[in-house]
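Asker: Be aware that the sequence shown starts at 49, since it is given in the working numbering, and climbs by one per residue.
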Amino acid sequence: MTDAVEGTSLQISQVLGAGFPVEEGLEGFKYDFPTQNILLFAAGSGIAPIKSAMESGQLNLSNKDGGLGGRTARLYYGVQTPDDLCYTDKFAEWETMGFEVVPVLSQPPDDWQGRTGYVQNALEEDGLPIPRNSGALLCGMKGMTESVKDLLTQAGVFEGRILTNF
49 MTDAVEGTSL QISQVLGAGF PVEEGLEGFK YDFPTQNILL FAAGSGIAPI
99 KSAMESGQLN LSNKDGGLGG RTARLYYGVQ TPDDLCYTDK FAEWETMGFE
149 VVPVLSQPPD DWQGRTGYVQ NALEEDGLPI PRNSGALLCG MKGMTESVKD
199 LLTQAGVFEG RILTNF
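1) Can you tell me whether DSSP reads Glu141 as helix, strand or coil?
2) Buried or exposed: which applies to Ile210, given that a residue is buried once 16 or more other Cβ atoms fall within 10 Å of its Cβ?
3) So if DSSP puts Cys187 in a beta bridge, which residue, or which two residues, is it bridged to?
4) Where do the ends of the alpha helix (DSSP H) carrying Pro97 lie?
5) If you follow the alpha helix (DSSP H) that Leu171 is in, where does it begin and where does it stop?
6) Output yes or no for whether 8 Å exceeds the beta carbon distance between Val196 and Gln168.
7) Tell me, please, which residues DSSP counts as bridged to Phe81.
8) What residue range does the beta strand (DSSP E) around Val53 cover?
9) Take the Cβ of Pro177 as the centre, count every other Cβ of all protein chains shown within 10 Å, and call the residue buried at 16 or more, exposed below.
10) So what's Leu153 in DSSP terms, helix, strand or just coil?
11) Output yes or no for whether 8 Å exceeds the beta carbon distance between Val152 and Ala170.
12) By DSSP's criteria, Val127 is part of a beta bridge. Which residues make up the other side?
13) Can you tell me where the beta strand (DSSP E) with Ile210 in it begins and where it stops?
14) So for Leu200, helix, strand or coil by DSSP?
15) Which same chain residues end up closer than 6 Å to Ser104 when comparing Cβ atoms and leaving out the 5 residues on each side of it in sequence?
16) With 16 as the cutoff for other CB atoms within 10 Å, does Lys190 come out buried or exposed?
So, in structure tokens, the structure goes:
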């Protein structure tokens, strides 16, 4: 769309997804442990709703400047190539807000120094130190969300703390 010339026809649809029920899924003591670690998974255009959740302030993170909130967060953001990464100008700001940003490329160029493969592979490699204290937000392709949900529940994350937006 950004490369379209004037006069190009575009098809658009209504907004999809119902958002993330953050308050219901991550807040309170519905489970035996409060949510202290938040994992975010975005593939392709799924970054847009994840970005909104990150910038909403609802996730109550401990930021790099010592702000209160008490939570940590890591964003796994999967795309094919570096050119497909959106919001790269926001990565430093997100880091300051308390989000660790982990871009993962499935078709990296030879000079790529970051993570490769798929976000679910990166999660498997990193592991999940305290699953019972963790929650997750997922948006992207069905295969990715299903794989990540399986990995998280097998690790011990409560299913009610795995929030999706389709």
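By construction, the Cβ of each residue, glycine as well, lies at the ideal position given by its N, Cα and C atoms. As the structure is a prediction and not an experimental result, all values here were calculated from the model.
Answerer: Reading off the structure:
1) Glu141: helix per DSSP, three-state reduction.
2) When all chains shown are included, Ile210 counts as buried.
3) Ala90, per the DSSP bridge assignment.
4) Counting along the chain, the alpha helix (DSSP H) containing Pro97 begins and ends at 95 to 103.
5) 167 to 174 is the span of the alpha helix (DSSP H), which, as asked, contains Leu171.
6) Yes, they are a contact pair.
7) BP columns for Phe81 are empty, so no partner.
8) No beta strand (DSSP E) contains Val53, which DSSP labels as neither H nor E.
9) Looking at its Cβ environment, which holds fewer than 16 other Cβ atoms inside 10 Å, Pro177 is exposed.
10) Of the three classes helix, strand and coil, the one that applies to Leu153 here is strand, per DSSP.
11) Yes, they are a contact pair.
12) Answer is Leu153, bridged to Val127.
13) For Ile210, the enclosing beta strand (DSSP E) covers residues 210 to 212.
14) When secondary structure is reduced to three states using DSSP, Leu200 falls in the helix class.
15) Answer for Ser104: no residue qualifies.
16) Counting Cβ neighbours within 10 Å, Lys190 comes out exposed, since fewer than 16 surround it.
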